[in-house]
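J.: Below you will find the structure I want to go over with you.
Structure, rendered in structure tokens:
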């Protein structure tokens, strides 16, 4: 087909093995634009992109939009020596294509059955766990929650954390 790079953003091929189908079809590289399973290395620009090895990494994940927001903040806290002992992240996240447009039944959970454009819907997020994949020193130290809100665009992440050493607001600013 003459395709060198595939940006896998359908949401259907997020497992490494499934995304490798693009390689079998002739592509040279695949970037999954979501959290991936099955051993695909996850990269966030500005955080761990320097670990990319073109000879080794043919199917990679660029994580989620929330992870791309959270990971650089955590990276700075770790890099500047503040550290993260524990942390809670909350994302206020625009609704997505996987949500219902009108109230209905959801196989996953009852909250998922609410109409996205007129409800604030508490949900889960894998972003805190994904940051641990990108910054291994934070594995198991972060947790998170999500609120899906009735906006088609724009999201925000809030991080509340305990530093690994004594510090001050002035020092962090």
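Numbering (the numbering used here), first residue to last: 2 to 174.
Where a beta carbon is used, it is the ideal one built from N, C-alpha and C, also for glycine.
Everything numeric in this text was worked out from a predicted model, so none of it was measured.
Taking the alpha-carbon positions, what's the residue 154 to residue 68 distance?
T.: 17 Å
J.: If I measure Cβ to Cβ from residue 120 and keep anything under 7 Å in the same chain, skipping five residues before and after, which residues do I get?
T.: 151
J.: Three or more beta-carbon pairs under 8 Å between the segment 32-44 and the segment 128-135, yes or no?
T.: yes
J.: Confirm, please, whether the CB-CB distance from residue 92 to residue 157 is below 8 Å.
T.: yes
J.: Which runs of the alpha helix (DSSP H) at least 4 residues long sit entirely within the segment 103-156? Give them in chain order.
T.: 128-135
J.: Can you give the Cα-Cα distance for residue 23 and residue 10, rounded to whole angstroms?
T.: 12 Å
J.: Do residue 86 and residue 164 have their C-beta atoms closer together than 8 Å?
T.: yes
J.: Please list the terminal residues of the continuous beta strand (DSSP E) segment that includes residue 58.
T.: Run containing residue 58: none; DSSP gives neither H nor E here.
J.: Could you check the C-alpha separation between residue 57 and residue 78 for me, to the nearest Å?
T.: 29 Å
J.: Please name the residue in 123, 100 and 61 whose C-alpha comes closest to that of residue 16.
T.: 61
J.: Note down, one range per segment and in chain order, each beta strand (DSSP E) of at least 3 residues found wholly within the segment 59-103.
T.: 60-62 and 87-95
J.: Between residue 145 and the rest of its own chain, which residues show a CB-CB distance below 6 Å, the 5 nearest in sequence each way excluded?
T.: 90, 126, 128 and 129
J.: Note down the Cα distance separating residue 84 from residue 109, rounded to an integer number of angstroms.
T.: 36 Å
J.: Which word fits residue 20, buried or exposed, when buried means at least 16 other C-beta atoms lie within 10 angstroms of its C-beta?
T.: buried
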